Every structure is written in C-alpha cells, then in structure tokens.
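A short worksheet on the structure shown next.
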Amino acid sequence: MHSILILNGPNLNLLGSRQPEVYGAVTLSDIETMCRSHSQDIGVNVEFLQSNHEGELVDAIHAAKGTHAAIILNAGAYTHSSIALMDAIASVELPVIELHLSNIHAREEFRHKSFIAPVALGQICGFGAQGYTLALDAAARHIGVAS
Ligand code: CA2
Numbered sequence: 001m002h003s004i005l006i007l008n009g010p011n012l013n014l015l016g017s018r019q020p021e022v023y024g025a026v027t028l029s030d031i032e033t034m035c036r037s038h039s040q041d042i043g044v045n046v047e048f049l050q051s052n053h054e055g056e057l058v059d060a061i062h063a064a065k066g067t068h069a070a071i072i073l074n075a076g077a078y079t080h081s082s083i084a085l086m087d088a089i090a091s092v093e094l095p096v097i098e099l100h101l102s103n104i105h106a107r108e109e110f111r112h113k114s115f116i117a118p119v120a121l122g123q124i125c126g127f128g129a130q131g132y133t134l135a136l137d138a139a140a141r142h143i144g145v146a147s
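Each residue of the sequence shown is one higher than the one before, counting from 1 in my numbering.
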C-alpha cells in the first residue's frame with residue numbers, strides 16, 4: 001500500500017492550547033487520529049511526524065525518498081523563511097502538498113510569501129483541520145490511488 005508522510009513544523013505541537021480563533025480548537029493528536037481514520041477509508045498508509053527543528057524536517061524529507069509516495073507538509077513559520085526546506089523538496093522530487101490551517105494570504109503580509117509553493121504540487125490553506133483530509137485525498141489521487 002502507498003505511504004504518505006504528513007510532516008508538521010514548528011509550534012504545531014501547541015495546537016488546541018492557544019489562538020483557537022486562528023487555528024481551531026483541535027490538537028495535533030486529534031488531527032493525527034482524523035488522518036489515520038481517513039487514510040484507511042481511502043486505502044493509503046500514513047506516517048505522521050512533527051518537529052520544531054528545521055534540520056529534522058530536512059532529514060525527514062530526505063528520508064521520505066524511497067519510502068513514501070508523497071508528502072503533506074505544514075511547515076509552519078518555516079514556510080516563510082526556509083530555503084533549506086525548499087531545496088530539500090526540490091532534491092527529493094516527490095510530490096509535496098503544502099498545507100496550512102489558516103488562510104496565509106488573508107493574514108499578515110509576511111505570511112503571503114511561501115518558499116514551499118514554487119516546489120509544491122499545490123497548496124491547501126484556510127480550511128482548518130479539514131485541510132489535512134483534503135490534502136490526503138489530493139495526494140492519493142495524484143499517486144493513482146482511487147478516492
Ligand atoms: O496556518 C498554518 O497552518 C500555519 O502554517 C501555522 C503556523 C504559521 O506560522 C503559518 O504562518 C501558518 C504557526 C503554527 C503555530 O501554531 C500555534 C498553535 C497554537 C498556539 C500558537 C501557535
């Protein structure tokens with residue numbers, strides 16, 4: 001069965017504890033449960049990771065080559081700053097779906113810039129936790145798993 005890596009960046013471990021008006025009330029653990037359940041419905045495996053460290057995210061992207069068919073990436077604030085993540089994505093040549101809970105284009109100017117977008121298959125943002133299942137559907141379809 002195809003495996004999809006769901007990778008979450010800095011501070012996303014804090015979800016549910018603060019700023020529910022921006023990010024919703026669900027925790028990252030709730031999102032993982034949702035993703036695991038949805039992955040069974042659509043017939044893919046998921047690996048779910050979170051790190052607050054840029055280099056660990058780079059390592060996870062490198063390691064996905066050969067083990068995963070696609071990556072769903074919420075890079076958090078590194079979205080707006082990390083050339084290292086952009087280069088890592090370009091180097092592995094895996095389909096990457098950029099994901100954000102909030103609509104980054106409707107927020108502060110500095111969140112409008114994404115270093116991930118030019119190397120991503122596409123971007124989903126503004127749909128809260130539901131974005132993760134939308135991204136799973138898009139990834140599964142892209143890799144040829146019917147859903
Ligand atoms: O909307 C998203 O998913 C973001 O990737 C979330 C990042 C933010 O820097 C991006 O611009 C958009 C922030 C994640 C931090 O989440 C928190 C959760 C609870 C309390 C404080 C921050």
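Using N, Cα and C, we set each Cβ at its ideal position, and we do this for glycine too.
For clarity, every value in this text was computed on a predicted model and none was experimentally measured.
Q: Report the option in A69, M1, S3 whose CA atom is closest to the CA atom of E93.
A: Counting from 1 along the sequence shown, the entry for residue 93 is found at position 93. In this structure, A69 is the residue among A69, M1, S3 with its C-alpha nearest to the C-alpha of E93.
Q: Apply the 10 Å Cβ neighbour rule to H53 and answer buried if 16 or more other Cβ atoms are within range, or exposed otherwise.
A: In the sequence shown, counting from the first residue as 1, residue 53 sits at position 53. Only exposed fits H53, as fewer than 16 other CB atoms lie within 10 angstroms of its CB.
Q.
Taking only three categories from DSSP, how would you classify Q123?
A. The sequence position of residue 123 within the sequence shown is 123, counting from 1. The answer is strand: DSSP assigns Q123 an E or B state.
**Q.** alpha helix (DSSP H) segment containing I83, residue limits
**A.** By 1-based counting over the sequence shown, the position of residue 83 is 83. Counting along the chain, the alpha helix (DSSP H) containing I83 begins and ends at 83 to 92.
Q: Please confirm whether any heavy atom of the ligand CA2 lies closer than 7 Å to the CB of Q19.
A: For this step, residue 19 is matched to residue 19 along the sequence shown. Result yes, Cβ under 7 Å from the ligand CA2.
**Q.** Neighbour-count burial assignment, T67, 16 or more Cβ in a 10 Å radius
**A.** Stepping through the sequence shown from its first residue, residue 67 is reached at position 67. It counts as exposed.
**Q.** For E32, the first and last residue of its enclosing beta strand (DSSP E)
**A.** Here residue 32 corresponds to residue number 32 of the sequence shown, with the count starting at 1. Segment 28 to 42 is the alpha helix (DSSP H) holding E32; no beta strand (DSSP E) there.
Q | Nearest candidate by alpha-carbon position, reference G9, set I116, R107, Q19 | A | Locating residue 9 in the sequence shown gives position 9, where the first residue counts as 1. Ranking the options by Cα distance to G9, first place goes to I116.
Q. Is it true that the CB of L57 sits closer than 8 Å to the CB of A75?
A. As a working mapping, residue 75 is identified with position 75 in the sequence shown. As a working mapping, residue 57 is identified with position 57 in the sequence shown. A contact, by the Cβ cut-off of 8 Å.
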